[in-house]
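Trainee:
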Amino acid sequence: MRNALPAAQAAAIAAMIDAYAAADKKWRPIFKEKLDVVQVDPKTRAKLAEGAGKIWIEWVKKHEDKGRPASKVLKFVQEQVKKASGG
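Here the sequence shown stands for residues 4 to 90, where the numbers follow the working numbering.
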């Protein structure tokens, strides 16, 4: 059973990624059509991110103490935000 778990997890993750991609393909155009995107100037964004740093550190510690890859998740999210922000 333990030997099968990593393969099952990998298959579940792949299926989840495919499901999210399909949902994004459907919903992103609708969101773009219906929602107003608010642009935050870089100085304000940096100030907010600086204030959030302590919260992020606490969140990472809490979840890594439970064996979760929180620092990798946070890094990934930060990279995606940077990419979406044009930075």
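The C-beta atom is built at its ideal place from N, Cα and C for all residues, glycine as well.
These figures come from a predicted structure and were not determined experimentally.
#1: Across the segment 72 to 83 and the segment 55 to 63, are there enough close Cβ pairs to call them in contact, namely three or more that are closer than 8 Å?
#2: Relative to the C-alpha of Lys-77, which candidate in Ser-88, Gly-56, Ala-87, Lys-69 has its C-alpha closest?
#3: Tell me the rounded alpha-carbon separation between Glu-36 and Gln-42.
#4: Using only the alpha-carbon positions, how far apart do Gln-81 and Asn-6 sit?
#5: Who are the Cβ neighbours of Lys-28 in its own chain at under 6 Å, not counting the five residues just before and after it?
#6: Work out the CA separation of Ala-49 and Ala-24 for me, nearest whole Å.
#7: From which residue to which residue does the alpha helix (DSSP H) around Pro-45 run?
Mentor: In terms of the structure at hand:
#1: yes
#2: Inspection of the sequence shows that residue 77 is occupied by Leu rather than by Lys. Looking at the Cα atoms, Gly-56 is the closest of the given residues.
#3: 16 Å
#4: 33 Å
#5: none
#6: 29 Å
#7: 45 to 67
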